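Undergrad: Counting from 1, one number per residue, gives the positions in the sequence shown under the numbering used here. All C-beta atoms, glycine included, are put in the ideal place defined by N, C-alpha and C. It should be emphasised that the depicted structure is a prediction, and the values quoted were computed from it without experimental measurement.
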Amino acid sequence: AQVEGTKLIEKAKIEIENQKKAALAEVKDQVSTLSLEIAERVLRTQLDDKTKQEALVANLLKDVELN
Numbered sequence: 001a002q003v004e005g006t007k008l009i010e011k012a013k014i015e016i017e018n019q020k021k022a023a024l025a026e027v028k029d030q031v032s033t034l035s036l037e038i039a040e041r042v043l044r045t046q047l048d049d050k051t052k053q054e055a056l057v058a059n060l061l062k063d064v065e066l067n
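Here is the structure:
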């Protein structure tokens, strides 16, 4: 009976660890999704006119040319 109890406890520990890893992966996924949504909203706000868009593209091209 004690051996079975020990096995049951060990199995429960493994299950808890697996659930913990799954929950952490889900949180990371949600954070990634939220980060992308925030970045998209910021970019839409910052690039709401053509002049700002052209300035951003020019700066990006300048950075690419320097590298």
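Return helix, strand or coil for Ala58, following the three-state DSSP convention.
TA: Position 58 of the sequence shown, counted from the first residue, corresponds to residue 58. In the structure shown, Ala58 sits in a helix (DSSP, three-state: H, G or I).
Undergrad: Mapping the DSSP letters down to three states, classify Asp49 as helix, strand or coil.
TA: If you number the sequence shown from 1, residue 49 lands on position 49. Coil at Asp49, not helix or strand.
Undergrad: Using 8 angstroms as the threshold, is the C-beta distance between Leu47 and Leu56 below it?
TA: Your numbering for residue 47 matches position 47 in the sequence shown. Your numbering for residue 56 matches position 56 in the sequence shown. It is a contact, given that the beta carbons lie within the stated cut-off.
Undergrad: Classify Ala1 as helix, strand or coil using the three-state DSSP reduction.
TA: The sequence position of residue 1 within the sequence shown is 1, counting from 1. It is coil, neither helix nor strand.
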